[in-house]
Amino acid sequence: GMGLAVGRYGRIVRTEDGGKTWTNIPSPTTVHLHGLSMNEANTHSGSEFYDALQESTAWAVGDGGTILQTDDRGLTWRDITNDVISSLGTNSLKTSQRLTDISLRAVKHHKLDKEVQILSGGTTVARSVIIVGDHNSILRYDPCAIESDGTCYEQSYKWIDMSTNLFEDYYGDLYDVHLF
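To convert, count from 1 in the sequence shown and add 107; that's our numbering.
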């Protein structure tokens with residue numbers, strides 16, 4: 108089975124043989140990465156099991172509000188932090204923290220039973236993503252914010268700041284999230 112691990116200084120490693128051997132993957136960042144989301148469908152991969160219809164997208168998160176994304180099962184990664192900030196319309200979260208000043212700790216995602224109509228043409232699988240981190244930070248990716256007759260339409264503002272201001276919780280760092 109296939110697997111990925113992330114860590115210090117942006118390190119990303121990948122296995123295709125159930126963890127017997129690992130390969131370093133070039134990373135677009137040098138910040139510490141804390142969390143990784145890879146849909147369960149990815150675990151049934153490896154060259155002999157590759158199915159183009161299986162999930163190929165994964166996310167990694169880390170310090171400085173860093174958010175990375177891959178669309179090829181972790182072979183290549185891109186930093187989408189600035190895209191997320193553009194989608195949010197600001198670098199400041201509801202908690203008065205700047206996204207680029209906090210550590211994101213965990214990310215989880217799952218495929219939805221919908222397809223998204225892409226502005227440039229065609230469709231892609233709809234995925235729901237939740238990211239959590241320091242200072243009660245919660246970001247949600249909603250690809251179906253605009254829906255008509257059961258069809259999702261791609262839009263510019265897909266990331267939503269769901270952060271909370273829980274004043275009774277001075278140490279409001281969130282370390283993990285699970286979707287079910």
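Even for Gly, the Cβ is constructed at its ideal location relative to N, Cα and C.
Keep in mind the model is a prediction, meaning the values are calculated, not measured.
Practice prompt. Name the two residues that bound the continuous alpha helix (DSSP H) containing S193.
Written response: Counted as a single uninterrupted DSSP element, the alpha helix (DSSP H) harbouring S193 occupies residues 188-195.
Item to complete: May I have the straight-line CA-CA distance separating G126 from V120, to the nearest angstrom?
Response: Per the coordinates, the alpha-carbon of G126 lies some 10 Å from the alpha-carbon of V120.
Fill in: Candidates G172, I225, R180, L195, of which the one nearest D186 by Cα
That would be G172, whose Cα lies nearest to the Cα of D186.
Discussion item. Which residue wins for smallest C-alpha separation from E222, given the options S255, I237, N198, W166?
Written reply: Comparing Cα-Cα distances from E222 to each of S255, I237, N198, W166, the minimum goes to S255.
Worksheet item: Taking the beta strand (DSSP E) that R121 falls in, what are its first and last residues?
Response: It spans 119-122 - the beta strand (DSSP E) in which R121 sits, taken as one unbroken run.
Practice prompt. Identify whether K221 lies in helix, strand or coil by the three-state DSSP scheme.
Written response: DSSP places K221 in strand when its eight states are reduced to three.
Item to complete: With DSSP as the reference, label T130 as helix, strand or coil.
Response: Three-state result, T130: strand.
Discussion item. For the beta strand (DSSP E) containing D268, name the first residue and the last one.
Written reply: Counting along the chain, the beta strand (DSSP E) containing D268 begins and ends at 266-268.
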